[in-house]
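Residue numbers (the working numbering): 716 to 1594. From the three backbone atoms N, C-alpha and C, an ideal C-beta is built for every residue, glycine too.
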RNA sequence: GGGUGUGUAGCUCAGGUGGUUAGAGCGUUACGUUGACAUCGUAGAGGUCGCAGGUUCGAGUCCUGCCACUCCCA
């Protein structure tokens, strides 16, 4: 027997353990069925599950479970990302609590500490994914720094290097002074701030009392100035071009040059040029062959090229201003809106800095990645994201992949004493290559930089499947993967890079479809963040409402391309939905509705049972179509509607007279049909609510097959012949209920109903379903009207037939007149609409015949109803 | 500044190719709790679909402009 109440905590975890120990998530590699594969976007090992994951992983699990039930060979490949900066940061923070810095430890010991930490605290998120019900094949769990994936990284790196697609260059890069590493453009967040614009002047060399006026937001960088630029079209200033300005304080002469970078309309029209500390100035410097003067240390303090060595930029700025004021060269300071770059992890200001770094030639790699999408080999859903993808890919810049961190893939680069570079997969190979080239044994030192985290996750689609082992069964079976499900915020970080790396490494697309979903926001539509304190912990939600409720919420809210706002009421509503299903199952149990082995639906006789079976099959078809089209909300709402609105509200209510009646044959058939439909519900609801469906499946009967592997019904022939009769019955019941409510008839009052204007067939249906109608509409009887309607009858119209109920003494006829008047007004309004359309010659001519026909049909139906209402009004006019 | 979305009931949201009286959940009102469901049932109220034009026999849906907000890239 089922428990009286639905309590997900009692069984969710047990069910998951059972799936996992039985190996239910593993693909049957011996099967010759079609393959279906999703690679899990690897969460950070440092991570804990947030609502974004809950959405992402629910959608994937729905696709995975659906396809598994379709009988395909299904793999959901899980794993975690080492998340270079993020993880190093967490471990460093822990060490800092004990007063230790990573430098105290040294590289090796620090990395050891990180690994130890990873073993202990990492992988929390994988446990949480299990709690959500994610049916990943955990036996294949990968980590971006495990042996196989590291081999993949080395192999691709060497290949790229030897193809000339990875190179080392001294360039201006985004420098994070907290972590003392370069970061890529994507890891820089531009924030609008109100800063200051400082106006000061530089003396002109050899011309006493002559100055050039400068406006800058960063006065302290003046020590790195190597020119002042003026536009050649600047009438007021062009006479200064070719002269020299003197940098005050340090008294260095710098040229005044002509360059269009200096907009005559902005600031003073003259721009100081600091090529080593500004991306625009760097370009100007290149055009004019200007020297580069670096004024910063790696920790963003000023260096010996300035008078303020050792001071941070803010302090140095104040000192510079003071000094300029002393010299009488400071003119004014104004508020100035500006955009300042910050590190996405560190939160400190990012400084452009000249350093030696390693780059991937992204523009070359992008070509194939663009073509694959242009040619439709990989499709984005929703398609509009292709635009975003193309926009980015066509303007892509070289990708800085070196990081001056310790935690990550150390680059497979070795230097000989003279700096010659050797790039090989192993040290031994590098040594051999070096010895050969030099003709003697040379000492090699390895590059200390590690790779950007996204380099290894860029290989995820094939490295996790066994590459570089080209003979891996999994690689051969599952690559290219079927779908990638991810949020749009990592389209550049990850999706674009996987496309590039896969097209380069595998010469094939990584996935056929990329499904992009939105962000999960808080109740008010604000982005969730720890600093705002508006995050909702999925684990708490699961604790409170069950994993199924949270999953169903995510599915039901997922409409293509839109963000989802958290809504606790709604989650509670889906928990109630599970309760509803639970109780429906209990109802079946109490009425001995047990699944009948080899139950043949084509032998069902009763219309009511035929009807619900057909509806269940229609619902199945709808769910299938919607899942295949990635219309998650339509799929979820379709099942919801069927279970609650059709099965519980109508079918269960309608079969009660049968189940409580005397007809044993009808009872048996109804019990079996009920059980069949409930089983069907468990099947089609399983991808969305795997726990409650499994719990019911296992407890209602002994089964030949586990629900997780139950075949998904396909190609069914749906017998719809009973639909019309039942639709009519439902319509009659609704009309009578409406009438009762509107006329405030006491619920207990048992009424007699009479039907007129019905066809032969309709009368016969009404006779067949009389006990159901009476029970649900709370009537004493329903039969055909003989003779004329008596004047105390109120009427309601249902479809083409009229239902009359004598209410002598029960009812307030003034209220009834009012009700009928209201109905009449609505009919008149509709009739006016139909008439307007049908009298419009161009509508009749141009609209499709079907539409015109339909309009005429509606008109005549409304006219007939109007007559009925009018006659009813006339009948009770004097009461 | 460039690009991209969004604006529909009190709230949160659905409304693939234009075609009934624009739907759901929550909330709300009235009635009920009848042998699955103190997590239930029945019925109702509630919307000039952001604004203004246009295309069309017909526009929430397509086009143009405007307003407001979101996000991405500078």
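Excluding five sequence positions before and after residue 1465, the CB atoms of its chain that fall closer than 6 Å to its own CB belong to 1495, given in chain order. If you look at residue 1409, you'll find it in the alpha helix (DSSP H) that goes 1405-1415. About 6 Å separates the CB atoms of residue 717 and residue 1414; that is less than 8 Å, so the two are in contact.
In this structure, residue 846 sits away from residue 1401, with a CB-CB distance that is not shorter than 8 Å. Each residue's CA atom was taken as its position, placing residue 1089 and residue 1205 some 20 Å apart. The beta carbon of residue 1306 sits closer than 8 Å to the beta carbons of 1374, 1386 and 1389 from its chain, once the five residues preceding and following it are set aside; these are given in chain order.
Between residue 992 and residue 1067 a beta carbon distance of about 5 Å is seen, short of the 8 Å cut, so the two are scored as contacting.
In the pairwise beta carbon analysis, the segment 1156-1167 is classified as touching the segment 1109-1119: at least three pairs are separated by under 8 Å. In the DSSP assignment, residue 1291 falls within the alpha helix (DSSP H) that extends over 1283-1305. The beta carbon of residue 1337 sits closer than 7 Å to the beta carbons of 1353 from its chain, once the five residues preceding and following it are set aside; these are given in chain order. In the DSSP assignment, the residues bridged to residue 1071 are 885. Residue state for residue 1550 is assigned as helix, using DSSP reduced to three classes.
For the pair residue 1175 and residue 1218, the CB atoms are not nearer than the 8 Å cut-off. Residue 1051 is bridged by DSSP to 910.
In the displayed model, residue 1517 falls within a strand according to three-state DSSP.
Taking 8 Å as the upper bound for CB-CB distance, residue 1198 and residue 785 are not in contact here, some 14 Å apart. Secondary structure of residue 973 (DSSP, three-state): strand. Taking the Cα positions, residue 1149 is about 11 Å away from residue 1132.
Along the length of the segment 1367-1405, whole alpha helix (DSSP H) runs at least 4 residues long occupy 1368-1374 and 1379-1400, reported in chain order.
Listed in chain order, the non-local C-beta contacts of residue 826 below 8 Å within the same chain comprise 1121 and 1122, local neighbours out to five positions each way being set aside. Going by DSSP, residue 1129 is part of the beta strand (DSSP E) stretching over 1128-1130.
A check of alpha carbon separations from residue 1064 across 1004, 1018 and 892 identifies 892 as the nearest. A distance below 8 Å between beta-carbons, with the five flanking residues on each side excluded, links residue 1142 to the following residues of its chain, in chain order: 1129, 1159 and 1161.
According to the DSSP assignment, residue 1146 belongs to no beta strand (DSSP E) but to the alpha helix (DSSP H) extending over 1142-1153. If you check the CB distance, residue 1335 and residue 1395 come in under 8 Å. Here DSSP, grouped into helix, strand and coil, assigns residue 1429 to coil. Burial state of residue 1006 is exposed, judged by a 10 Å Cβ sphere holding fewer than 16 other Cβ atoms. The C-alpha of residue 1012 is placed about 27 Å away from the C-alpha of residue 1041. With respect to residue 907, residue 1032 sits apart: the two C-beta atoms are not nearer than 8 Å. Cβ contact annotation for residue 1023 (same chain, cutoff 6 Å, sequence separation greater than five): 1017, 1031 and 1034, in chain order. Look at residue 1473 here: in three-state DSSP terms it is coil, with no helix or strand label. In the DSSP assignment, residue 868 falls within the alpha helix (DSSP H) that extends over 862-877. Relative to the Cα of residue 750, the nearest Cα in the group 719, 741 and 872 belongs to 741.
Only residues of its own chain outside the window of five on either side were considered, and among them 1088 and 1095 have a CB closer than 7 Å to the CB of residue 1101, listed in chain order.
Beta-bridge partners assigned by DSSP to residue 1116: none are found.
Between residue 918 and residue 867, the CB-CB gap reaches or exceeds 8 Å.
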